[in-house]
Amino acid sequence: MTRGVHRLEDLDPEAERITELRGWLGVLRPDAMLTGLTSAEIRGWWLPPLPDDVPVFVTSQECGNNAVRPGLKVSRPRTDAGAEELLGLRVATVSETILACCRVLNLLDAVTVIECAVHAGDITVTDLDQISRMRRRGAPTLRRALGWVDGRAESIWEVLLRVLHESSGIRTEPQYEIWDDEGTFIARGDLLLTGTNTIHEYDGGHHLEVPQQRKDLRRARRLVNSAEWERRGYTAYEVMATPNEIIRDADLTIGRTHEPGRIRVWHELIRHSLFTPAGTQEFRMRALGPGRRSSDVQTDGFVA
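Note that the sequence shown covers residues -18 to 285 in the working numbering.
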């Protein structure tokens, strides 16, 4: 890993990662703590597809040149925001973690991380709104991201599916519960197309497993038999490669004339995200900076 830090063999991936991060903290100053995407990882939040060589993000007031090591990204905070302990690791608070993520992530990627933090109950949109008004690096991206955050999605791809609809002008209701006339619960859909009896859902790989397929079929039968509900499922491939077809389906349902140009906002969001090669390159520039190594020390300054 680095000088003075070695991996143990025969550990499962999660235990190996915890041991690795504990090793990093062990060679840094006592006030060092994990922050940004590394803290988000420890908290179990959804993360966009990060490159394999993403550095470990650390913040410390005391770390100087001794912290310059490959694979490490150190920032010096301007405020003493405190720390928490998770899994035996010293990590930045939720608010500081999100601000640090927003310094290196583009808009859509930031939305996915923040959505998970809110969904998990780790922080509220109200608290985030107050934080976004501070003169801190990352606050402008946080302010923009909050306009897309709902907090009810149950997976990162559900977030993307919802943002695809909303960026194309399709109003939705996430996690919509369907009940029959007798008050019996029928199903809960990922996205209700507002004003219709149609739900759009993300179909992940787990839907191909036999037990899940049986559950899906029973659920589909209940929907059909209840009140003529229609369900459409979409895969990650469709969200990425053929999003216009999804919006065409939605337009047909709500009775709106389909205009391909409405998808442009979505294309712009996804193009700059870590879900594309171009967005990954942009992330590298923000996370490491032009000509910088992943071991450089930077300052978390304030912005106007």
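Where a beta carbon is used, it is the ideal one built from N, C-alpha and C, also for glycine.
For residue j and residue i, the rounded distance between their alpha carbons
| i | j | result |
| --- | --- | --- |
| Glu1 | Arg57 | 22 Å |
| Thr74 | Glu147 | 31 Å |
| Ser292 | Gly176 | With the chain covering only -18 through 285, there is no way to say anything about residue 292. |
| Glu96 | Gly132 | 5 Å |
| Glu190 | Val55 | With a pLDDT of only 47 at Glu190, under the threshold of 50, the placement of this residue in the model should not be trusted; the figure read from the coordinates follows. Roughly 43 Å between the two C-alpha positions. |
| Phe256 | Ser136 | 15 Å |
| Ser41 | Trp5 | 13 Å |
| Leu174 | Glu226 | 15 Å |
| Ala98 | Val130 | 10 Å |
| Gly7 | Pro30 | 28 Å |
| Glu209 | Asp232 | 19 Å |
| Ala62 | His239 | 49 Å |
| Arg24 | Ile180 | 31 Å |
| Cys83 | Thr234 | 36 Å |
| Val39 | Thr19 | 8 Å |
| Ser254 | Glu263 | 8 Å |
| Leu53 | Val37 | 5 Å |
| Leu269 | Glu(-5) | 25 Å |
| Ser149 | Leu250 | 12 Å |
| Met221 | Val140 | 13 Å |
| Pro11 | Asp(-7) | 27 Å |
| His187 | Val72 | Confidence in His187 is poor, its pLDDT being 47 and thus under 50, which makes the residue's placement unreliable; the coordinate value appears in the next sentence. Computed Cα separation, rounded: 32 Å. |
| Ile167 | Glu182 | 15 Å |
| Leu86 | Glu22 | 14 Å |
| Met115 | Arg124 | 10 Å |
| Asp161 | Arg118 | 49 Å |
| Val35 | Thr107 | 31 Å |
| Tyr218 | Ile112 | 35 Å |
| Ala120 | Arg237 | 36 Å |
| Leu68 | Gly102 | 18 Å |
| Leu109 | Asn178 | 33 Å |
| Arg267 | Gln156 | 34 Å |
| Leu9 | His100 | 33 Å |
| Glu66 | Thr165 | 43 Å |
Supposed contact pair residue j and residue i - C-beta distance, whole angstroms, cut 8 Å
| i | j | result |
| --- | --- | --- |
| Ile228 | Ile151 | 7 Å |
| Gly260 | Arg252 | 6 Å |
| Glu158 | Arg169 | 5 Å |
| Arg265 | Pro32 | 7 Å |
Opposing strand residues paired with residue i [DSSP bridges]
| i | result |
| --- | --- |
| Ala91 | Answer by DSSP bridge pairing: none, since Ala91 is not bridged. |
| Ala73 | Ala64 |
| Glu158 | Arg169 |
| Leu174 | Thr153 |
| Leu250 | In DSSP, Leu250 forms no bridge with anything. |
| Gly310 | Residue 310 is absent from the model: the chain starts at -18 and stops at 285. |
| Gly214 | Glu182 |
| Pro258 | DSSP lists no partner for Pro258. |
| Pro(-6) | Note: Pro(-6) sits in no beta bridge, so no partner. |
| Pro241 | Note: Pro241 sits in no beta bridge, so no partner. |
Residue j beta carbon less than 8 Å from that of residue i
| i | j | result |
| --- | --- | --- |
| Gly128 | Thr78 | no |
| Ala81 | Met14 | no |
| Leu88 | Thr60 | no |
| Asp184 | Thr216 | yes |
| Leu142 | Trp247 | no |
| Arg(-2) | Leu70 | no |
| Trp138 | Val94 | no |
| Ala91 | Ala134 | no |
| Arg213 | Asp230 | yes |
| Ile244 | Pro224 | yes |
Continuous alpha helix (DSSP H) assignments of at least 4 residues falling wholly in the segment 79 to 152: 88 to 100, 106 to 113, 120 to 127 and 137 to 148
3-residue-minimum beta strand (DSSP E) runs that sit fully inside the segment 2 to 56, ordered along the chain: Counting whole runs of 3 or more residues, the segment 2 to 56 contains the beta strand (DSSP E) stretches 37 to 40.
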